[in-house]
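Sequences listed follow chains Y and D, in order.
Note that the numbering used here numbers the first sequence so that position 125 is 125, with each residue one more than the last.
Note that the numbering used here numbers the second sequence so that position 72 is 373, with each residue one more than the last.
Think of the CB as a built atom: it goes at the ideal place given N, C-alpha and C, for glycine as much as any other residue.
Keep in mind the model is a prediction, meaning the values are calculated, not measured.
Structure, as structure tokens:
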Amino acid sequence: MSAFAHLPSVSGQPPPVARPGRHRLLPYLLLLPGAAWLFLFFALPLVQLATASLYDPNDTLSTGYTMTWAFGNYPAALQAYWPQFGRSFLYAGSALVLALLMGYPLAYAIACKAGRWKNLLLVCVVAPMFTSFLVRTLAWKTILSDNGWVVGLLRDVHLLGPDGRLLATPVAVVLGLTYNFLPFLVLPLYANLERLDHRLLEASRDLYANAWQTFRRVTLPLSMPGLIAGTLLFFIPATGDYINAELLGTPNEYMIGNVIDSAFLVRLDYPQGAALSLLLMAATLAVVFGCLRRAGAEELL
Amino acid sequence: MARDVPAGDLRLVDLTKRFGAFTAVDDLNLTIGQGSFFALLGASGCGKTTTLRIVAGLEEPTSGQVLLGGRDIARLRPHKRPVNTVFQSYALFPHLDVFENVAFGLRRRGIRPVDGQVRQALSLMQLDGYERRRPAQLSGGEQQRVALARALINQPQVLLLDEPLSALDLKLRRRMQIELKRIQNEVGITFLHVTHDQEEAMTMADTVAVMNAGRIEQFGAPTEIYEFPATAFVANFLGQSNLIAGVVSGDNGGDILVTAHGARFAVPSARARADRGAVYLGVRPEKLHLADSVDQVPTDSQYLDGTITDASYAGVSTQYLLRAGGGTELSAFVANSGTQRRYGPGDRAVAYWNPRHAFLLGRRADENDRITPVLTEPVATA
Ligand SMILES: Nc1ncnc2c1ncn2[C@@H]1O[C@H](COP(=O)(O)OP(=O)(O)O)[C@@H](O)[C@H]1O
Ligand SMILES: [Mg+2]
Numbered sequence: 001m002s003a004f005a006h007l008p009s010v011s012g013q014p015p016p017v018a019r020p021g022r023h024r025l026l027p028y029l030l031l032l033p034g035a036a037w038l039f040l041f042f043a044l045p046l047v048q049l050a051t052a053s054l055y056d057p058n059d060t061l062s063t064g065y066t067m068t069w070a071f072g073n074y075p076a077a078l079q080a081y082w083p084q085f086g087r088s089f090l091y092a093g094s095a096l097v098l099a100l101l102m103g104y105p106l107a108y109a110i111a112c113k114a115g116r117w118k119n120l121l122l123v124c125v126v127a128p129m130f131t132s133f134l135v136r137t138l139a140w141k142t143i144l145s146d147n148g149w150v151v152g153l154l155r156d157v158h159l160l161g162p163d164g165r166l167l168a169t170p171v172a173v174v175l176g177l178t179y180n181f182l183p184f185l186v187l188p189l190y191a192n193l194e195r196l197d198h199r200l201l202e203a204s205r206d207l208y209a210n211a212w213q214t215f216r217r218v219t220l221p222l223s224m225p226g227l228i229a230g231t232l233l234f235f236i237p238a239t240g241d242y243i244n245a246e247l248l249g250t251p252n253e254y255m256i257g258n259v260i261d262s263a264f265l266v267r268l269d270y271p272q273g274a275a276l277s278l279l280l281m282a283a284t285l286a287v288v289f290g291c292l293r294r295a296g297a298e299e300l301l
Numbered sequence: 302m303a304r305d306v307p308a309g310d311l312r313l314v315d316l317t318k319r320f321g322a323f324t325a326v327d328d329l330n331l332t333i334g335q336g337s338f339f340a341l342l343g344a345s346g347c348g349k350t351t352t353l354r355i356v357a358g359l360e361e362p363t364s365g366q367v368l369l370g371g372r373d374i375a376r377l378r379p380h381k382r383p384v385n386t387v388f389q390s391y392a393l394f395p396h397l398d399v400f401e402n403v404a405f406g407l408r409r410r411g412i413r414p415v416d417g418q419v420r421q422a423l424s425l426m427q428l429d430g431y432e433r434r435r436p437a438q439l440s441g442g443e444q445q446r447v448a449l450a451r452a453l454i455n456q457p458q459v460l461l462l463d464e465p466l467s468a469l470d471l472k473l474r475r476r477m478q479i480e481l482k483r484i485q486n487e488v489g490i491t492f493l494h495v496t497h498d499q500e501e502a503m504t505m506a507d508t509v510a511v512m513n514a515g516r517i518e519q520f521g522a523p524t525e526i527y528e529f530p531a532t533a534f535v536a537n538f539l540g541q542s543n544l545i546a547g548v549v550s551g552d553n554g555g556d557i558l559v560t561a562h563g564a565r566f567a568v569p570s571a572r573a574r575a576d577r578g579a580v581y582l583g584v585r586p587e588k589l590h591l592a593d594s595v596d597q598v599p600t601d602s603q604y605l606d607g608t609i610t611d612a613s614y615a616g617v618s619t620q621y622l623l624r625a626g627g628g629t630e631l632s633a634f635v636a637n638s639g640t641q642r643r644y645g646p647g648d649r650a651v652a653y654w655n656p657r658h659a660f661l662l663g664r665r666a667d668e669n670d671r672i673t674p675v676l677t678e679p680v681a682t683a
């Protein structure tokens with residue numbers, strides 16, 4: 001149709017071009033459901049949360065909340081709960097290190113070495129997700145319990161003292177986090193390594209790189225996108241998690257998620273809960289962007 | 302073994318590679334002289350890449366040796382071999398820029414500073430100013446030159462090139478052929494160049510080895526192979542040939558006598574690969590000349606007469622097909638020099654050749670005439 005658009009129309013009528021209105025609107029129409037969803041369930045709650053975080057901190061649910069632009073809620077919340085904040089990042093960070101140490105070789109093995117076992121192994125990675133998060137974490141409670149075989153074994157080899165324990169320690173929480181979020185790290189990494197061009201590895205070996213150098217200089221940089229995606233998908237929910245600390249730890253292991261949970265549901269201190277939520281979000285974003293910028297810079301080098 | 306080998310010769314000895322039951326490289330023996338430009342020519346799937354990968358160390362041979370200056374490197378890991386490869390796909394590192402791609406080998410060997418050498422290699426390839434570009438931002442020809450620079454900068458004892466020009470368009474390919482030849486002259490490194498393009502092999506290489514189904518059919522200087530092929534496969538893979546089925550009927554001192562299609566021909570015995578039984582009498586199409594009648598044929602020539610069945614005009618030359626008695630169809634290239642008369646289909650003509658240009662090849666008794674069909678690309682028939 002457009003091939004004739006430049007020709008003068010013989011009949012004097014406008015040429016039969018498609019009505020432009022529909023064409024221009026169509027993409028927006030397609031965006032509409034997603035945009036509406038985002039607005040209803042992300043933008044609105046966020047505004048609501050931001051508003052709630054600025055309510056008068058002395059109000060309670062029974063007296064009703066008044067908006068007093070109480071920015072002081074933020075420093076107050078931080079002052080009261082900075083140890084939980086720190087713990088969140090410390091535990092999630094430790095879990096991330098463990099998950100990377102296990103997850104990278106796992107993803108690499110599945111993508112490059114598994115051959116016909118590939119699909120089975122992938123199912124194994126995903127299979128735990130078929131049961132509830134809660135049930136899985138409770139199972140770890142059994143595994144790590146004081147009279148379980150893990151603790152028994154560790155006591156026998158004197159890695160734990162005679163009355164040492166795992167449950168209700170930071171170790172248990174970190175292990176729980178590692179286990180629960182490992183698939184989120186492995187799957188994007190696998191998807192990336194699966195597409196790795198093996199001819200590049202051969203080229204590297206041909207150019208005097210040994211196995212380790214080939215990994216360091218070719219495989220690792222090429223898998224960066226998958227590694228970053230996996231790290232973010234692991235780290236963000238792990239930082240905000242409260243189930244693992246609650247089931248596998250004690251109040252001494254509580255993370256910021258537990259505090260937010262109790263602020264909203266137990267203490268009914270909405271302004272504080274909202275302020276903590278937003279602080280967690282800001283801190284996570286800061287860490288994520290810091291990570292991305294460093295990774296980006298490294299790739300350019 | 303008695304022959305003393307120059308230090309840097311690459312020798313493949315009884316090299317065999319099997320994938321399961323399939324034999325990709327079959328008892329290969331080759332000597333590639335130090336500093337030579339060696340072309341391994343063969344149809345797709347005949348085992349050229351596999352041979353190259355064995356030399357590079359990316360594939361382990363089932364049996365046999367790879368000797369480099371007398372040292373067996375067949376079981377060395379690739380990064381320990383003084384050999385570099387220009388891959389068919391180039392395999393440039395997409396996450397590194399041109400400079401780092403070229404510097405890769407030097408850095409892995411801990412050589413520094415790399416700056417001067419990299420710039421020198423880039424300028425040898427006429428890639429000045431491309432240092433900071435990524436491979437994705439380069440054209441095919443530029444990528445090819447980066448791949449070459451990346452391999453050459455390491456000054457390997459042998460450079461392996463796996464159809465490095467096959468992804469380029471015709472014009473660029475011709476230019477790169479000349480470039481490669483110039484570079485090889487300049488650096489003096491042994492080039493082992495794999496290709497399926499017979500013209501490329503002949504124009505570039507000092508020595509050509511023709512490979513078929515995992516074996517070497519013949520190797521030697523391009524003119525040698527072309528003028529006096531050793532097998533019917535070579536005769537038709539490297540250019541075209543008229544192969545007339547005949548039987549040796551005797552010899553008269555210097556010549557072998559052959560009977561084919563009821564006529565008798567003589568071929569100098571120096572140009573015979575077989576001197577008894579079933580043979581092919583071979584003549585290259587450009588060595589066949591056409592005349593109107595038998596009395597115009599020079600006395601020292603031999604001839605077959607027949608009818609022109611096809612004339613394809615190709616600018617520089619015309620390819621005629623002439624059906625001779627007995628059904629043999631001969632192909633003849635006649636240069637369009639302006640002195641020759643043009644024939645059309647149906648015209649009677651005599652095809653003649655000088656016996657010094659003919660050659661004799663062994664033939665299995667059940668094989669018939671083999672005349673290359675009119676095709677621009679050589680066909681590989683085993
Ligand atoms: N890894 C492999 N496994 C099985 N067969 C292979 C493998 N590599 C090559 N081949 C087979 O070996 C033959 C020769 O391959 P190749 O050396 O790549 O041929 P060329 O480079 O001459 O086209 C082909 O038939 C190919 O299918
Ligand atoms: Mg090949």
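{"Item": "So what's Asn553/D in DSSP terms, helix, strand or just coil?", "Value": "strand"}
{"Item": "My understanding is that Ala567/D touches Pro656/D, with C-beta atoms under 8 Å, so please give their C-beta distance in whole angstroms.", "Value": "5 Å"}
{"Item": "Who are Tyr581/D's beta bridge partners in DSSP?", "Value": "Ala546/D and Leu662/D"}
{"Item": "Is Gln445/D near ligand 2, with its Cβ less than 7 Å from a heavy atom?", "Value": "no"}
{"Item": "Which residues, in order along the segment 189-218 of chain Y, keep a beta-carbon less than 7 Å from a beta-carbon of chain D?", "Value": "Arg199, Leu200, Glu202, Ala203, Arg205, Asp206, Leu207, Tyr208, Ala209, Asn210, Gln213 and Val218"}
{"Item": "How would you call Met67/Y, buried or exposed, if buried means at least 16 neighbouring beta carbons within 10 angstroms?", "Value": "exposed"}
{"Item": "Is Lys349/D a contact residue of ligand 2, with contact defined as CB to any heavy atom under 7 Å?", "Value": "yes"}
{"Item": "With a threshold of 8 Å between beta-carbons, can Arg410/D be considered close to chain Y, or not?", "Value": "yes"}
{"Item": "Determine the direct distance from the alpha carbon of His198/Y to that of Leu31/Y, and round the result to whole angstroms.", "Value": "39 Å"}
{"Item": "Out of Arg420/D, Thr352/D, Lys349/D and Gln458/D, which one is the CA nearest neighbour of Gly336/D?", "Value": "Gln458/D"}
{"Item": "Is there at least one non-hydrogen atom of ligand 2 closer than 7 Å to the beta-carbon of Glu464/D?", "Value": "yes"}
{"Item": "Any idea if Ala111/Y is buried or exposed, counting beta-carbon neighbours within 10 angstroms, 16 or more meaning buried?", "Value": "buried"}
{"Item": "Would you report the Cα separation of Asn258/Y and Glu443/D, rounded to the nearest angstrom?", "Value": "58 Å"}
{"Item": "Distance check for Gly647/D and Ala592/D, CA to CA, integer angstroms please.", "Value": "14 Å"}
{"Item": "Find the residues of chain D that neighbour Pro221/Y, judging by a C-beta separation of less than 9 Å, and give them in chain order.", "Value": "Phe394, His396 and Leu397"}
{"Item": "Give me the Cα-Cα distance between Glu194/Y and Pro128/Y, rounded to the nearest whole angstrom.", "Value": "22 Å"}
{"Item": "In three-state DSSP terms, what is Ile490/D?", "Value": "coil"}
{"Item": "Could you tell me the alpha carbon to alpha carbon distance between Val415/D and Ala450/D, rounded to whole angstroms?", "Value": "13 Å"}
{"Item": "Check whether the Cβ atoms of Ile256/Y and Phe85/Y sit closer than 8 Å, and answer yes or no.", "Value": "yes"}
{"Item": "So, with DSSP's three-state summary, where would you put Glu630/D?", "Value": "strand"}
{"Item": "Is any beta-carbon of chain Y found at less than 8 Å from that of Pro414/D?", "Value": "no"}
{"Item": "Can you list the residues of chain Y that Leu242/D reaches, using a CB-CB cut of under 9 Å?", "Value": "The shown model of chain D, from 302 to 683, leaves out residue 242/D, and the question about it has no answer."}
{"Item": "Below 8 Å on the Cβ atoms is my guess for Ala114/Y versus Ala238/Y; work out the distance and round it to an integer in Å.", "Value": "27 Å between Cβ atoms; not a contact."}
{"Item": "Is any heavy atom of ligand 2 found at a distance shorter than 7 Å from the C-beta of Gln389/D?", "Value": "yes"}
{"Item": "Any idea what DSSP makes of Ile412/D, helix, strand or coil?", "Value": "coil"}
{"Item": "Does the beta carbon of Ser390/D come closer than 8 Å to any beta carbon on chain Y?", "Value": "yes"}
{"Item": "Could you check whether the Cβ of Phe405/D sits closer than 8 Å to any Cβ belonging to chain Y?", "Value": "yes"}
{"Item": "Starting from Leu341/D, follow its DSSP beta bridges and name the residues at the other end.", "Value": "Val495/D and Ala510/D"}
{"Item": "By the 10 Å Cβ neighbour count, where 16 or more other Cβ atoms means buried, how is Gln438/D classified, buried or exposed?", "Value": "exposed"}
{"Item": "Once the 5 residues before and after His309/D are set aside, which same chain residues still bring their CB inside 6 Å of it?", "Value": "At residue 309/D the sequence reads Gly, which differs from the His that was named. The residues are Gln335, Gly370 and Gln458."}
{"Item": "Around the C-beta of Ser638/D, are 16 or more other C-beta atoms found within 10 angstroms, so that it is buried, or is it exposed?", "Value": "exposed"}
{"Item": "Grouping DSSP H, G and I as helix and E and B as strand, with all else coil, what is Glu518/D?", "Value": "strand"}
{"Item": "Would you mind working out which of Leu220/Y, Val287/Y, Pro162/Y and Pro75/Y sits nearest Tyr104/Y, comparing C-alpha positions?", "Value": "Leu220/Y"}
{"Item": "Just the chain Y side, please: which residues come within less than 9 Å of His590/D by C-beta, in chain order?", "Value": "None at all; the shortest Cβ gap to chain Y is about 50 Å."}
{"Item": "Please confirm if His658/D has its CB atom under 8 Å from at least one CB of chain Y.", "Value": "no"}
{"Item": "Cβ of His380/D less than 8 Å from any chain C Cβ?", "Value": "Note that chain C does not occur in the displayed structure, where the protein chains are Y and D."}
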